[in-house]
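Peer 1:
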Amino acid sequence: MLQEFAVPAIVIQFSFAGKQNSTQSVLLPLDTASALYQAVSGTPGAMDETTLEELRPTLEAIVQGICLGVGNTRDEVIIAGDLSVRLGRFSRPSNLQPTDTMIRFQLALGVGSTIGSLTWVMDPETAHYIADLPVTSEATPSSFGVLPPFGASRDDEESHGLDILMDIPLDISVELGRTRLVVRDVVDLGVGSIVEIDKAAGEPVDIIVNGRLVARGEVVVIEDNFGVRITEILNPRERLARIGEAA
């Protein structure tokens with residue numbers, strides 16, 4: 225297996241917070257990472273330190289999804305710790321040094337359609353923990369040959385490999401507009417002050433997910449609450465341009 229990982233890739237390493245010696249690695253081939261970057265940003269780009277930094281939130285979301293999936297299996301809250309993302313070759317973490325046995329899951333990766341796969345590597349004890357099974361001295365690599373991720377059958381593994389991402393919580397906010405004030409103007413603010421924003425009356429409001437503009441809409445009233453009716457979904461290029469204007 226080490227020979228398979230001898231080529232450069234995107235290497236994500238993390239552990240389960242509070243659980244010692246649980247370091248795991250997720251590896252994305254560079255072509256898969258580039259395809260993922262293009263799907264997320266709408267712009268083609270080879271993998272380097274710059275594009276990797278832009279892709280980092282998506283990669284961290286994959287780890288969050290893994291932790292949520294494991295938490296659902298074990299009926300407990302699982303949080304990622306010691307998370308690192310780098311461009312390079314796979315190297316064994318300390319918990320894999322004393323053993324020749326590594327457990328590997330292959331998951332299909334897709335945004336709309338399959339764009340590649342990722343490899344999730346761990347030690348046998350962590351695999352037992354994920355499957356919520358006791359560790360036994362008789363355990364062998366073949367014990368995990370039919371272990372599907374989070375309850376899926378092997379036939380469903382490819383199509384449902386990213387289902388673990390579906391329960392990731394997202395922060396959604398609605399932005400009416402923005403403005404810039406100097407410190408003097410902020411200090412002078414008081415009850416009754418009016419702040420003029422960069423949005424004309426009747427213009428759509430911005431719908432922002434995890435800090436990124438994804439849509440626009442109009443404000444509506446639902447019983448006693450405000451809501452937003454989506455009128456436009458932005459494509460990736462428009463999202464990036466809008467974010468650049470707001471920065």
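Residue numbers for the sequence shown follow this note's numbering, so the first one is 225 and each next one is one higher. Each residue gets a CB set at the ideal place from its N, CA and C atoms; glycine is no exception.
1) Is the region 415-435 in contact with the region 394-402, if contact means three or more CB pairs nearer than 8 Å?
2) As a quick exercise: from T343, K243, V231, Q237, pick the residue whose alpha carbon is nearest that of T350.
3) Please go through the same chain and pick out, in chain order, the residues whose beta-carbon is closer than 6 Å to the beta-carbon of A310, but skip the five residues on each side of it.
4) Check whether the region 258-274 touches the region 316-331, counting contact only when three or more Cβ pairs, one atom from each stretch, lie closer than 8 Å.
5) Here's the rule I'm using: 16 or more other beta-carbon atoms within 10 Å means buried, otherwise exposed. How should P232 be labelled?
6) Pick helix, strand or coil for T455, following the three-state DSSP scheme.
7) Per the contact definition of three or more C-beta pairs closer than 8 Å, is the region 435-454 in contact with the region 410-421?
8) CB-CB under 8 Å to A363, same chain, minus the five flanking residues each way: which ones, in chain order?
9) From what residue to what residue does the beta strand (DSSP E) around A233 run?
10) Among the residues of its own chain, which have a CB less than 8 Å from the CB of A259, if the five just before and after it don't count?
11) Do S246 and M326 have their C-beta atoms within less than 9 Å of each other?
12) Helix, strand or coil: which one does DSSP assign to T274?
13) So, helix, strand or coil for D306, using DSSP?
14) Rounded to a whole number of angstroms, what is the C-alpha to C-alpha distance between D448 and R313?
15) Quick check on this structure: which residue in I418, A263, L400 has the alpha carbon closest to the alpha carbon of T282?
16) Look at the Cβ atom of T211, then the Cβ atom of P428, and state whether they are nearer than 9 Å.
17) If you draw a straight line from the alpha carbon of E278 to that of R298, how long is it in whole angstroms?
18) If I measure Cβ to Cβ from G401 and keep anything under 7 Å in the same chain, skipping five residues before and after, which residues do I get?
19) Report back the beta-carbon spacing between L320 and V250 to the nearest angstrom; my notes put them in contact at under 8 Å.
20) How big is the Cα-Cα spacing for V444 and L252?
21) What is the residue span of the beta strand (DSSP E) that P348 lies within?
22) Specify, as a first and last residue, the run of the beta strand (DSSP E) that R440 falls within.
23) Whole-angstrom Cβ separation of M305 and A241, contact assumed at under 8 Å?
24) How is the beta strand (DSSP E) around L251 delimited, first residue to last?
Peer 2: If we stick to the structure as given:
1) Put simply, the region 415-435 touches the region 394-402. At least three CB pairs are less than 8 Å apart.
2) For the options T343, K243, V231, Q237, the alpha carbon positioned closest to that of T350 is the one of K243.
3) Here the sequence assigns Arg to residue 310, which means Ala is not the residue at that position. Counting only Cβ-Cβ distances below 6 Å, and skipping sequence neighbours, we find V235.
4) The region 258-274, when compared against the region 316-331, does not touch it at the 8 Å Cβ threshold.
5) Classification for P232: exposed.
6) In the three-state scheme derived from DSSP, where H, G and I count as helix and E and B as strand, T455 is classed as strand.
7) In short, these stretches do not touch, since the Cβ pair count stays below three.
8) Residue confidence for A363 is low, a pLDDT of 42 falling below 50, so the modelled location carries little weight and cannot support an answer.
9) Where A233 is concerned, the enclosing beta strand (DSSP E) stretches over 233-240.
10) Apart from sequence neighbours up to five positions away, the residues of its chain that approach A259 with a beta-carbon distance below 8 Å are I339, G340, ordered along the chain.
11) For S246 and M326, no; Cβs fall outside 9 Å.
12) In this structure, DSSP gives T274 a helical state, which the three-state scheme calls helix.
13) In this structure, DSSP gives D306 an extended state, which the three-state scheme calls strand.
14) Rounded to the nearest whole angstrom, the C-alpha separation of D448 and R313 is 56 Å.
15) It is A263.
16) For the chain, the structure presents residues 225 to 471; residue 211 sits outside this window and is missing.
17) So the two alpha carbons sit approximately 32 Å from each other.
18) Counting only Cβ-Cβ distances below 7 Å, and skipping sequence neighbours, we find I421, D422, K423.
19) The Cβ separation is near 14 Å, so there is no contact.
20) Spanning the two alpha carbons is a distance of roughly 43 Å.
21) Bounds of any beta strand (DSSP E) do not take in P348; it lies within the alpha helix (DSSP H) bounded by 348-354.
22) In the DSSP assignment, R440 falls within the unbroken beta strand (DSSP E) covering 436-446.
23) For clarity, residue 305 is Gly in the given sequence; the question names Met instead. That belief holds up - the Cβ atoms of G305 and A241 are roughly 4 Å apart, short of 8 Å.
24) Boundaries of the beta strand (DSSP E) harbouring L251: 248-253, taken from the DSSP string.
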